[in-house]
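Okay, structure first, notes after.
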Amino acid sequence: MDIKKSTQITQCPVSGLSILRDSRWTDIEKDNYLYSYSKMGDSIIYVRNCGTIKNFDSKFHEVLIKQFIKATMVKKPYVEIRDFADLNGRGTPRQATEMKAYILENQADIAGFIYCNMPFWVRSITRMGFKSYRVSTRFASCKTYAEAISTANDISEKRITSTKNNRGGPLSFDQLEFRPQWQYKNPENGTWLKNGVIAQKILYTKLHVEILENKDIKGGIHSIEQIIKDGVLRGNDYIRIADYTDLKKIPLMAKRIYLQEIGRASCRERGCLYV
């Protein structure tokens, strides 16, 4: 299909941002639930679905939104807005768990995650739930579309897209310091966590694992805590870079626990990038 024939570009009357709609990602039906995606500006995805909330398929949504991002060249990291205006009913505990996993696994790409047009009681519960998310993704629950767009713009403008030192030059890998007390290694199963720091700017962690055990998670946390104790990352004005290029297959639950615990140990970070 010719993309020029399938797309329509209009202007948002609230924000003035360009809105790109593509018929291939509009009113896609699955289990009596409609999925629709629009691109706003360069890096905002507006999701307005229709149906009963319990019929929402998070895995199906994840496939669609990634296809949409690729086809319409959405700039990453992006902000995702989910509009509840045409939805009814309540979500399930399973959906809440899946949504949290979705954020944890895609936080490097998702700068912000926003709900809008939700009933008051839902907004209150959502805000409470967001407090337990220790990720770089920013959350918001907005009463109106206008508030959601304004919040999305704010997140997009403030998101860190590059890291520079005080002189304005780019930071490089050879500037990292690797102290012995910051490293963790388990010779019994070959697991190791390599930690390096550019003082007050970068926390670099590289994980290699074949079988991730609880003691490895504890050991990794201890090494991160030692970096904090040594005072090379004061305040919250630094970025954590998590390098998983050597990560072999591990159970999904173990990976989630690792991400949550390491994130908690370095919770003062300003953001986290995954490579």
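Counting from 3, one number per residue, gives the positions in the sequence shown under my numbering. Backbone N, C-alpha and C define an ideal beta-carbon position, used for all residues, glycine too. If you're wondering where the values come from, they're calculated on a predicted model, not measured in any experiment.
Inter-residue Cα distance where the pair is residue i and residue j
| i | j | result |
| --- | --- | --- |
| Lys217 | Leu205 | 22 Å |
| Thr146 | Cys118 | 6 Å |
| Gln97 | Tyr104 | 10 Å |
| Ile5 | Phe62 | Low confidence applies here, because Ile5 scores a pLDDT of 45, under 50, leaving its location unreliable; read the following figure in that light. Looking at the two C-alpha atoms, the distance is approximately 22 Å. |
| Gly114 | Gly221 | 31 Å |
| Asp111 | Asn191 | 32 Å |
| Gly198 | His224 | 14 Å |
| Met101 | Lys231 | 34 Å |
| Ser164 | Asn34 | Interpretation of Ser164 is limited by its pLDDT of 36, a score under 50 that renders its predicted location unreliable; no figure is taken from the coordinates. |
| Lys208 | Arg26 | 39 Å |
| Ile83 | Gly43 | 13 Å |
| Thr247 | Lys187 | 17 Å |
| Glu151 | Phe141 | As written in the sequence, residue 151 is Ile, which differs from the Glu given in the question. Near 13 Å, if we compare the C-alpha coordinates of Phe141 and Ile151. |
| Trp123 | Gly53 | Note that Trp123 scores a pLDDT of 49, beneath 50, so its modelled location is shaky; the value from the coordinates is reported in the next line. Using only the alpha carbons, I get a separation of about 20 Å. |
| Thr12 | Lys160 | 25 Å |
| Lys68 | Ile200 | 33 Å |
| Ile226 | Pro15 | 47 Å |
| Glu31 | Tyr37 | 6 Å |
| Ile241 | Asn155 | 22 Å |
| Leu235 | Glu179 | 12 Å |
| His210 | Glu107 | 18 Å |
| Ala148 | Leu214 | 45 Å |
| Leu19 | Ser143 | 21 Å |
| Ala244 | Gln202 | 17 Å |
| Leu22 | Asn90 | 26 Å |
| Val76 | Phe70 | 8 Å |
| Ile46 | Pro79 | 9 Å |
Range of the contiguous alpha helix (DSSP H) that encloses residue i
| i | result |
| --- | --- |
| Met101 | Pro95 to Asn108 |
| Phe62 | Ser60 to Thr74 |
| Ser152 | Tyr147 to Lys160 |
Outcome for residue i when other beta-carbon atoms lying within 10 angstroms are tallied against a minimum of 16
| i | result |
| --- | --- |
| Lys41 | buried |
| Thr193 | buried |
| Lys166 | Residue placement at Lys166 is flagged as unreliable, the pLDDT there being 38, under the threshold of 50; the coordinate-derived value follows with that caveat. It is exposed - the Cβ of Lys166 has fewer than 16 other Cβ atoms within 10 Å. |
| Thr310 | Absent from the structure is residue 310, since the part of the chain shown begins at 3 and ends at 277. |
| Ala87 | exposed |
| Arg92 | exposed |
| Ser138 | buried |
| Val81 | buried |
| Met120 | buried |
| Gln183 | exposed |
| Gln10 | exposed |
Limits of the beta strand (DSSP E) - the one that residue i falls within
| i | result |
| --- | --- |
| Glu82 | Tyr80 to Asp85 |
| Tyr246 | Neither: Tyr246 is in no beta strand (DSSP E) and is coded neither H nor E. |
| Asn188 | Tyr186 to Asn188 |
| Arg140 | Arg140 to Cys144 |
| Gly114 | Ile112 to Cys118 |
Exercise for the section: Would you mind listing the beta strand (DSSP E) stretches within the segment 7-66 that are 3+ residues and don't spill past its ends, in chain order? Expected result: 9-13, 20-24, 30-32, 35-37, 39-42 and 46-50
**Item:** Unbroken stretches of the alpha helix (DSSP H), 4 residues or longer, contained in the segment 198-230
**Value:** none
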